[in-house]
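Okay, here's the thing in structure tokens:
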């Protein structure tokens with residue numbers, strides 16, 4: 002996996018904050034920084050949370066078959082256990098900093114800093130538990146059990162992530178007590194507390210929608226949360242500040258320099274190039290490089306590259322694509338995603354007109370964000386394979402289009418498992434080590450070696466997590 006981006010660039014971003022530019026590269030070492038300011042911590046946690054979306058997406062995108070390895074039989078492709086200690090550590094570093102920010106904001110009576118910290122803490126917890134299952138939380142961030150914490154169960158963690166969102170909303174609705182957010186230290190919403198409240202409700206709708214297989218599922222609660230969430234692409238939560246190359250741009254640059262990276266799966270490419278559904282999706286040229294044959298071709302998961310890897314026989318993340326151009330954003334949750342949450346909830350609520358309207362709105366929002374020409378957008382929506390009308394909308398169509406919208410986002414793996422991988426022509430990778438699709442990750446060695454007595458047993462990567470049962 003690519004190395005996690007350093008955070009020293011924050012010195013540049015915060016040069017006008019008098020107390021910040023002397024400590025931001027030291028926040029992980031409490032012996033060097035005893036009393037970091039709130040805005041410095043906020044810069045750190047917004048950056049780290051955004052890059053956690055990338056680092057986890059770089060793992061899960063092989064399981065959703067957005068990406069494929071250029072090497073035959075790659076562990077990431079064929080469901081062998083991979084040690085994701087770096088990803089695990091990155092999450093706990095971010096959550097420790099978030100706990101520090103929340104506690105410090107409570108002492109200083111800065112509810113807006115505290116509210117953002119709680120929202121991002123819930124965000125990180127939700128991503129982590131939906132990947133690994135039971136994980137340490139209640140004993141993991143402070144206290145005597147810091148090195149050998151107990152594992153919280155998935156039901157508790159799910160409730161905790163929702164509660165943190167509600168608490169964060171309540172904090173952000175309070176008066177700031179003079180501790181207003183500096184726009185330069187908030188690398189996601191730039192100090193806009195109303196935007197953070199919308200994001201919290203968008204995340205609440207996402208989490209409520211995750212339990213679609215459970216009796217807990219409530220379309221009423223989901224739709225109520227969505228009514229307070231996003232209304233346009235301007236609301237999207239994303240990270241756009243980086244030191245040097247943005248993460249997926251680095252992948253594209255690496256590949257161009259023959260450090261092979263960012264190869265696209267046949268499953269994803271065929272879903273967009275007309276092979277699977279008989280319609281060319283105009284988003285594909287905004288994502289993928291074109292081959293020397295003048296078309297778009299993916300790499301089959303598990304099989305590796307067709308040729309030498311230097312002759313453009315396959316499609317890769319494009320150097321000028323939306324997700325992988327210079328400075329490309331890391332998307333945490335978007336207006337397009339919330340439209341598809343609305344489409345699914347409306348469909349399950351037997352509101353077919355509402356489901357279809359949200360389905361069309363979600364496609365439109367995503368194409369607009371990627372810069373698709375209006376004429377190409379109109380042609381795609383008019384195609385009978387896409388513009389099916391309210392009476393013909395199906396859950397399969399909703400998941401099919403949401404799959405494109407969620408490209409590279411780790412939440413796409415939650416969707417794939419909720420949908421039982423029923424995407425058209427979705428197959429096990431060649432040489433898969435499991436006889437069914439992967440459902441979870443194994444615990445990393447950084448935890449099993451230090452805290453083995455508390456680590457739950459994992460019998461198979463086919464084991465379903467709580468939301469997937």
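In this note's numbering, the protein residues as written are 2 to 470. Ideal Cβ positions, reconstructed from N, Cα and C, are used throughout, including at glycine. Remember, it's a predicted structure, so these values are computed and weren't measured experimentally.
Counting C-beta atoms within 10 angstroms of its own C-beta, residue 365 has 16 or more neighbours from the protein chains shown and is therefore classed as buried. Ranked by Cα distance from residue 453, the options 149, 432 and 155 are led by 149. Contact between the region 130–145 and the region 452–467 is present, with at least three C-beta pairs closer than 8 angstroms. Counting only residues of its own chain and dropping the five nearest sequence neighbours on each side, residue 325 has a CB closer than 7 angstroms to the CB of 249, 250, 252, 253, 263, 318 and 319. The beta-carbon distance between residue 412 and residue 360, rounded to whole angstroms, is 18 angstroms. This is too long to meet the 8 angstroms contact definition. Taking the Cβ atoms as the reference, residue 448 lies roughly 6 angstroms from residue 456, within the contact range of under 8 angstroms.
In this chain, residue 173 is not harboured by any beta strand (DSSP E); it is covered by the alpha helix (DSSP H) spanning 155–173.
A check of alpha carbon separations from residue 405 across 65, 44, 53 and 204 identifies 65 as the nearest.
Secondary structure at residue 454: coil, using DSSP grouped into helix, strand and coil. In its chain, beyond the 5 residues on either side, 138 and 139 have a beta carbon closer than 6 angstroms to the beta carbon of residue 153. For residue 273, DSSP records no beta bridge to any residue. Residue 102 is positioned such that its CB atom lies no closer than 9 angstroms to that of residue 113. In the three-state scheme derived from DSSP, where H, G and I count as helix and E and B as strand, residue 288 is classed as coil.
Under DSSP, no beta-bridge partner is assigned to residue 62. Residue 266 has 300 as its beta-bridge partners, per DSSP. Secondary structure at residue 152: strand, using DSSP grouped into helix, strand and coil. Closest in alpha carbon position to residue 143, among 96, 367 and 81, is 96.
Counting only the Cα atoms, residue 261 lies some 9 angstroms from residue 72. Per DSSP, residue 334 is one residue of the beta strand (DSSP E) stretching across 331–334. Non-local beta-carbon contacts of residue 82 in its own chain, meaning distances under 6 angstroms to residues more than five positions away in sequence, involve 443 in chain order.
For residue 128, the enclosing alpha helix (DSSP H) stretches over residues 112–133.
The alpha helix (DSSP H) runs of length 4 or more contained entirely in the region 177–231 are, from start to end of the chain, 194–211 and 220–227. By the beta-carbon neighbour count (other beta carbons within 10 angstroms, threshold 16), residue 116 is buried. Residue pairing by DSSP puts residue 239 in a beta bridge opposite 332. DSSP, read as helix, strand or coil, puts residue 407 in coil.
Assignment of residue 280 by DSSP, reduced to helix, strand and coil, places it in the coil class. In this structure residue 339 touches residue 227 by the C-beta definition: roughly 6 angstroms separates them, less than 8 angstroms. Per DSSP, the continuous alpha helix (DSSP H) segment holding residue 98 begins and ends at 86–109. Residue 299 is positioned such that its CB atom lies closer than 9 angstroms to that of residue 266. Here the alpha carbons of residue 347 and residue 341 stand approximately 10 angstroms from one another.
According to the DSSP secondary-structure assignment, residue 136 is paired through a beta bridge with 153. Residue 441 and residue 237 have their C-alpha atoms roughly 28 angstroms apart. Bounds of the alpha helix (DSSP H) holding residue 354 are 353–371. DSSP, reduced to helix, strand and coil, places residue 317 within a strand of the structure shown. In the displayed model, residue 466 falls within coil according to three-state DSSP, outside both helix and strand. In terms of Cα proximity to residue 125, the closest of 104, 108, 159 and 109 is 159.
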